[in-house]
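First the structure, in the form of structure tokens, and then the observations on it.
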RNA sequence: GGGCGAUUAGCUCAGUUGGCUAGAGCGCAUCCUUGACGUGGAUGAGGUCACAGGUUCGAGUCCUGUAUCGCCCACCA
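In our numbering, the protein residues as written are 5 to 1150.
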């Protein structure tokens, strides 16, 4: 095999192997193929950036599973795709535009306001970014060897997924599970957008507590002369106060509940309400809140989330006096304003100070003015400095303002009226027939706290022994006719089931609207009208006339001024609505409407028949427009298991979905979802709810159509950097897997990642740099920003002073750019050495096997004359196959990797190959066994290390086309990716041979130890004799050659009565005394034997102690006591022998 | 504030129903350029399993508490 280099060079192998897989469409799955279906959906990576090692881990594990099941003969599909990641992507693109001093979001917003299509232009920019990163991500996946069906790749905003989003939204809307409501959002007053919670940075700020006095008044408004003192960090929001709260358990203050106060400046009358949210003051308390509290809490529902809750708990009381619960006192730029939700009848009664001084001022200015006003009027009791954390916008870095706005919601705890009322679930108030109820009922009962495991539902579970024996036929998790969604969702590790359960038990309605441009625009049209009250009655007729038949209309119940919502389902209806909106609708508010007719018509719809209607509709003053917001990214991700399979109508997309027929039936549910724990709530939960809800259009509780999106959820560790910080894009400490592929190879990376995957939460991965000038690896310099340790943006080469480079952190944070003089340094990590070394070891083992087998191929026949080593390695192989099956079926990747490592390196290379090296040419059996072991090793390792095994398979096929032993079939396959997983039955486990071989190993180790100690050159052959009890001596005599080869000794006498030659060094191991002739060195001897005496003495003491403990003898299991006795006897015998040897030396 | 996890050899980590004389890889020390592999081979040193109690014949493993680090969720008048 001269063409195989002596070290494995991944870069020479990987591209060709990948090409071979892709050319042969080895990853493509079709519904009608043979084998039970098996499917995994990729958690679609965000198109915000390229993948990092966290993704590499996630995808490696999925690939291990998919490749394993494909080899088990199952019809395996791994569905790839990417997520549009609304907020994240929009922000990343905007930031990049800003960095490059190009027109950015604020500029496009201006364009949009001027009616110049800014929205479309900006979305095009994001689309370009998406195209770039989607391609990069796909390339990375391929280079990692991920066996995704790339012909089926989806994107959460492509037409197929968009159709699913529309259908899902419409169904929910029709069922009354989508509604519109007000809510406080995190508002960034500078960029004037709402922010997601995770876009809010908490920062410690030096602020103050102000103690402000509100006068108590009688019903008729006269002041009593008394006052209450509220404590606040935000005095300016007092303008929007609609109540004052005290704790009803507060003995000093509860008497004031029901009294009234007059709000200074505004002159609004507020009720004092009792609410146990209020902290009672306690100057001595360690609780900061209690320490600063006054006992009176000002309630500002429109400007504080907690106050919002309190406000609505006391809605009636507040309405009686303050009239309005919600009073918004700010404009979108956070300046004081009476025009954004502050009713006229309320602010009219305010002091002139409000209009003359406050209105139009910023929050900060207003704060000062309000405080001064209170001071001037002797209503400021105290000011105390206070350091607290305040949410800041991560984009504009100003404090976020809780700001009231209209949002769309999915009602997750409302009963689904298509399902019969089944009451509420135990322990919770969640109705069983709600979305959250469905999710809770889907949990495996044995993983669910408070569930009655014994009641009705059978838990399929897994029989580990059965899986180990025969993984080809894994136990099906479902019984015929069972309601599939009752109790089969299973988490690995099981602790994550609790996270899932708690989340659903305390779940709140899901806000699905986002004030963004990048995403699925909410498919709802808002109609507002005024003056012509008949219009509302006529409008449905217009819709009918326009052909918008398949629609749902919702009219806000309370007031005619509120909008009226229409959602349509089919494309034709939707286009008609859009047409009406664009040509007939006149905006009541300042929204842009400059769209071209061609845009609609370009989609192939003809609306000439609507022109007359449009004119008629346009007569009254009304406003019809599609909602400006987009859907939460998770809305489309929640549909991933359905949309990727073409739901609801795959036949609509013949070009986008190959072999669309039966896609859903075949691969929904999928088998396992493989993900990190951070999105159990955000994503897993919602997929479960949606898949159950949408998989059966009738939601018939007796049907078996309701399907889970997946049965198993495997949650793997998060990769942290060397400092224990999460590896993430936003932190800029992510490592590109391609860097590791450069330094170590894809297989090495994959093997190491699998090897790291235990059931723990986090794994740490220290990162080094590769100097682009010299190629050497060094530890980078770090800096600290925002409390995080990150690589300094630029680094100096440690051994080429003056040569500089930039780091990926420097580039991703926009601080530096790579250039010829300062190239980008790739990352690497010595963590991956284990994988690289292992790949190299495998390479060389197979290389060796191929040379020898090439000279004299193994026989094919049945009459094989096995030697001990042959039987031993086959037994080890059988155990390894079992261990691999068992581990992989339980998602224990580390155990699988470790088993492979031990078998290939320790058993096969260190012992078996060394044992048979010399007589491979003479013994056909050894050749057959070696070929078998190599073949099986490649198969077993293929899921973890696909490239190298595929390459070696090619060579193995060329040189040894016929492999396998009698009754151990290894069916041939041209490509390994499609080969069968080895089946080595338990009949190959040979305990007698294992014991015999272990005895040999023990003796060889002892002999080597003595040799090393006496510094015998490795090549020098030493005569050795041994004294051992007859049975053992007999075994040894049968295998003297084996010992001779492995320890490089010449065996002489073996027997129960062998004497120690006077010039021999002695070693005692178990019941065997080993004499290595010609090595006498009393000093060394004495030292070693004395040490052994010490070890044995302490062991004997310990064992004797245990046995002299009556409780142990009586209470411990009998076999353990027996074992202890045997151990003691053995230790005593050995101790005696050692002492004898020691005395003989004296 | 609620929940979860970690703490085992210099480093990174195993240790799944308590039976352990606590393992691996890297690193370290000594030796070996032996025809598969120096990304290798042989041998060795290195740990009171974070701390304090408890349960048990027996605790790295179970329970309680403490400390430190990390993550998730909620929130900070």
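Every residue gets a Cβ at the ideal spot worked out from N, C-alpha and C, and that includes glycine. Keep in mind it's a predicted model, so treat the numbers as computed, not measured.
- Under the DSSP definition of a beta bridge, residue 412 partners with 184.
- The Cβ neighbour count for residue 71, taken over all protein chains shown within 10 Å, is at least 16; the residue is labelled buried.
- Residue pairing for residue 543: DSSP places it in no beta bridge.
- Residue 795 has 786 as its beta-bridge partners, per DSSP.
- In summary, residue 1035 is exposed, with fewer than 16 beta-carbon neighbours lying within 10 Å of its beta-carbon over all protein chains present.
- Sorting 1024, 1074 and 979 by C-alpha distance to the C-alpha of residue 1010 places 1074 at the top.
- Secondary structure at residue 137: helix, using DSSP grouped into helix, strand and coil.
- For residue 773, the uninterrupted beta strand (DSSP E) run begins and ends at 772-774, by DSSP.
- When C-alpha distances from residue 324 are compared across 754, 1061 and 223, the shortest belongs to 223.
- Closest option to residue 1076, judged by alpha-carbon separation, among 1029, 1110, 335 and 382: 1029.
- In the three-state reduction of the DSSP assignment, residue 150 falls in the coil class.
- For residue 968 against residue 974, the beta-carbon gap comes to about 4 Å, under 8 Å, which counts as contact.
- CA-CA distance, residue 1055 to residue 887, rounds to 36 Å.
- 678 is the residue among 344, 678, 938 and 963 whose C-alpha sits nearest the C-alpha of residue 62.
- Residue 814 places its beta carbon 8 Å or farther from that of residue 103.
- Bridge pairing for residue 781: 774 [DSSP].
- Runs of the alpha helix (DSSP H) lying entirely within the stretch 340-390, each at least 4 residues long, are 348-351 and 367-380 in chain order.
- Excluding residues up to 5 positions away in sequence, 1029 and 1031 lie with their Cβ nearer than 6 Å to the Cβ of residue 1062 in the same chain.
- The three-state reading of DSSP puts residue 723 in strand, counting E and B together.
- Shortest Cα-Cα distance from residue 125 to any of 140, 136 and 107 involves 107.
- When the five nearest sequence neighbours on each side are left out, the beta carbons in the same chain lying within less than 7 Å of the beta carbon of residue 879 are those of 992, 993, 994, 997 and 998, in order along the chain.
- Fewer than three Cβ pairs drawn from the stretch 163-172 and the stretch 128-145 lie within less than 8 Å of each other, which leaves the two stretches out of contact.
- Using a Cβ distance threshold of 8 Å, residue 762 and residue 891 do not count as a contacting pair.
- In this structure, residue 426 sits near residue 437, with a CB-CB distance shorter than 8 Å.
- Here residue 395 is near residue 190, since their CB atoms are less than 8 Å apart.
- A Cβ-Cβ separation of about 22 Å leaves residue 935 out of contact with residue 1050 under the 8 Å criterion.
- In the DSSP annotation of this structure, residue 987 is not part of any beta strand (DSSP E), being labelled neither H nor E.
- For residue 940, the enclosing alpha helix (DSSP H) has its first and last residue at 928-945.
- DSSP places residue 82 in the strand class (E or B) of the three-state scheme.
- Residue 1051 carries a helical assignment under DSSP once its states are collapsed to helix, strand and coil.
- For residue 230, the enclosing beta strand (DSSP E) has its first and last residue at 227-236.
- The C-beta of residue 281 has fewer than 16 other C-beta atoms within 10 Å across all chains shown, which makes the residue exposed.
- Relative to the Cα of residue 723, the nearest Cα in the group 756, 697, 752 and 710 belongs to 756.
- In the structure shown, the three-state DSSP call for residue 493 is strand.
- With three or more CB-CB distances shorter than 8 Å, the stretch 35-54 counts as touching the stretch 141-150.
- Scanning 937, 845, 985 and 1046 for the CA closest to the CA of residue 918 turns up 1046.
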